[in-house]
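Student:
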Amino acid sequence: MSASPLTIDHLLPQSLGGSDDPDNLALACHRCNERRYNFTTGIDPETQLETPLFNPRQQQWAEHFIWTADGLRILGMTPTGRSTCSRLDLNDDFHDDGFIQESRQYWVEVGWHPPRNDPRRSVN
Ligand SMILES: [Zn+2]
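Quick note, the sequence shown lines up with residues 422 to 545 if you use our numbering.
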């Protein structure tokens, strides 16, 4: 039996008083949802300051993140982007032995990745 790859994430987690109202929900993959847990902030590795995590309901992805030229790593470009990359370990720097970057490499090879409208650096 396999779990659904997608889950519903509460932007303000229910454990912190968040509701099931659609405005408080976002679709998330299982791994991101687990890693976010009930955190709403992360530490910006550049400043060591606690910073709100990216909110896909209120913020634009392209204002906070950019892909490396090879499409394997997400780079946070703002305090929110950096703290989100770190809290969710979006590049598997601390979990899963880089599994996500290996997966992205396959997706790049078949043209599925990175998403067409996402910003991408010209050099790694
Ligand atoms: Zn995810």
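Each residue gets a CB set at the ideal place from its N, CA and C atoms; glycine is no exception.
Can you check whether the CB of residue 452 is closer than 8 Å to the CB of residue 489?
Tutor: As a working mapping, residue 489 is identified with position 68 in the sequence shown. As a working mapping, residue 452 is identified with position 31 in the sequence shown. Cβ atoms of residue 489 and residue 452: not closer than 8 Å.
Student: Strictly by DSSP, which residues pair up with residue 471?
Tutor: Position 50 of the sequence shown, counted from the first residue, corresponds to residue 471. Paired residues: 464.
Student: Using the C-alpha atoms, what's the distance from residue 436 back to residue 504?
Tutor: Position 83 of the sequence shown, counted from the first residue, corresponds to residue 504. Position 15 of the sequence shown, counted from the first residue, corresponds to residue 436. Whole-angstrom Cα-Cα distance: 21 Å.
Student: So, at 8 Å on beta carbons, what are the nonlocal neighbours of residue 472 in its own chain, with the 5 sequence-adjacent residues on each side left out?
Tutor: Numbered from 1 along the sequence shown, position 51 holds the residue referred to as residue 472. Same-chain partners within the cutoff: 462, 463, 464, 465, 500, 501, 503 and 504.
Student: I'd like the span of the alpha helix (DSSP H) that includes residue 505, first residue to last.
Tutor: Within the sequence shown, numbered from 1, the residue matching residue 505 stands at position 84. Looking at the DSSP string, the run of the alpha helix (DSSP H) that includes residue 505 is 500-508.
Student: Cβ of residue 526 within 8 Å of Cβ of residue 512?
Tutor: Your numbering for residue 526 matches position 105 in the sequence shown. Your numbering for residue 512 matches position 91 in the sequence shown. Not in contact: residue 526 and residue 512 (Cβ atoms no closer than 8 Å).
Student: Whose CB is closer than 5 Å to a heavy atom of ligand 1? List the residues in chain order.
Tutor: 450 and 453
Student: Which word fits residue 494, buried or exposed, when buried means at least 16 other C-beta atoms lie within 10 angstroms of its C-beta?
Tutor: Taking the first residue of the sequence shown as position 1, residue 494 is located at position 73. Buried, because 16 or more other Cβ atoms sit within 10 Å of the Cβ of residue 494.
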